[in-house]
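Under the UniProt record's numbering, the first residue of the sequence shown carries the number 1, and numbering increases by one thereafter.
Since the structure comes first, as structure tokens, the remarks are kept for the end.
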Amino acid sequence: MARKQSRHHRWGWRLLLILFLLLAGSYWVWWQLGSRRIHAQTYRQTSVVTVFVPGYASNGLTFGPMVTRFKQDRASNQVTTITISATGNRTITGANRYTGKNPLVNVVFEDAKAPEKETRQLTALLHWLRAKHNVTKINLVGHSMGSNLSFRYLTSHHTDAQPHVVKYVSLASEFYRDPAPQLQQFPKSVQTLVIGGQIFGASGDWAVSIAGVKRFEKALRAANVPSTLYIYHGTPLGAYHSSLHQNPYVDARILAFLFT
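What follows is the structure, encoded as structure tokens:
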């Protein structure tokens, strides 16, 4: 009896190992196929600084891997991480200049559950980049609540010097109130890419609905904002809310939008 249980135990571990290897192999193939377009692309050089704004309860891993990949893919040669404390102090890691090829700034909020405070901190950061580092043009890439923060920044009146926003990427975000009133203040020159995820058989990415993503993009177009919609359909591996910023197909869309 003991031998039979031991044999079953060994077979169970073997099946788990086989399943793990199959999943790992499938993930590798999926990633390689999704990366082919990225590796074949040539990216133009600009001085526009791209600022990545993370969402609710985020950390350095939200956009950290993405900006690292973008540098590895030669879309940029300069990555800076700016961590903002709960009291607004900034810690800079990486490049302390913003003059390279397509400079990337990964923003990390230590108090990442306070959207009004984060909007103020983002506004102060962008003013600092403009006033202290002569950053005159930026792109904004926001995930989830980070997209809402970026939208709030774009539709607010600023009395201090701020950089000009060239492009805006809204990733995995929807607006629970009609954005039409705020869109009256949205700069019509800002090119916008709206990205959503839809898990097979689901209504969205298990956090944000596709209907909400499409509704936002439709509102942008109705306000005469130049916008493009991209929906990634797939398994939770790539289409889940927090997987979209670790997805080579999404990477390719963002890179092409920003740098080609």
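For every residue, glycine included, the Cβ atom is placed at its ideal position computed from N, Cα and C.
Check: CB of K218 within 9 Å of CB of T192, strictly; Outcome: no
Check: Between the CA atoms of S156 and Q116 - distance to the nearest angstrom; Outcome: The question names Gln, but residue 116 in the sequence shown is Glu. Straight-line Cα distance between these residues: approximately 12 Å.
Check: Range covered by the beta strand (DSSP E) that runs through Q191; Outcome: 191-199
Check: Simplified DSSP assignment, three categories, for L229; Outcome: strand
Check: Minimum C-alpha distance to Q78 - residue among Y27, P187, I254, G100; Outcome: G100
Check: Supposed close pair V48, I195 - CB separation, criterion 8 Å; Outcome: Actually they are not in contact, since the Cβ atoms of V48 and I195 sit about 19 Å apart, beyond 8 Å.
Check: Given P103 as reference, the closest of A252, R74, L220, I38 once Cα atoms are compared; Outcome: R74
Check: CB contact flag (V220, L258, <9 Å); Outcome: The sequence given here has Leu at residue 220, not Val. Not in contact: L220 and L258 (Cβ atoms no closer than 9 Å).
Check: Sub-9 Å separation of P181 and V108 beta-carbons; Outcome: no
Check: CA nearest to the CA of N59, picked from V29, G146, F70, T119; Outcome: G146
Check: In chain order, each alpha helix (DSSP H) run of at least 4 residues that lies wholly inside the region 104-138; Outcome: 115-133
Check: Whether E110 touches I92 by CB criterion (9 Å); Outcome: no
Check: Where the beta strand (DSSP E) containing G94 begins and where it ends; Outcome: 90-94
Check: S156 - DSSP class collapsed to helix/strand/coil; Outcome: coil
Check: Under the three-state DSSP convention, the category H143 falls into; Outcome: strand
Check: Reduced DSSP secondary structure (H/G/I, E/B, other) of V53; Outcome: strand
Check: Contact belief for A172 with S144 at Cβ below 8 Å, rounded distance in angstroms; Outcome: 5 Å
Check: 9 Å Cβ cutoff, Q162 in contact with chain B; Outcome: Of the protein chains in this structure there is only one, and it is not chain B.
Check: Collapsed DSSP secondary structure at K218 in the structure displayed; Outcome: helix
Check: Distance, H133 Cα to V51 Cα; Outcome: 14 Å
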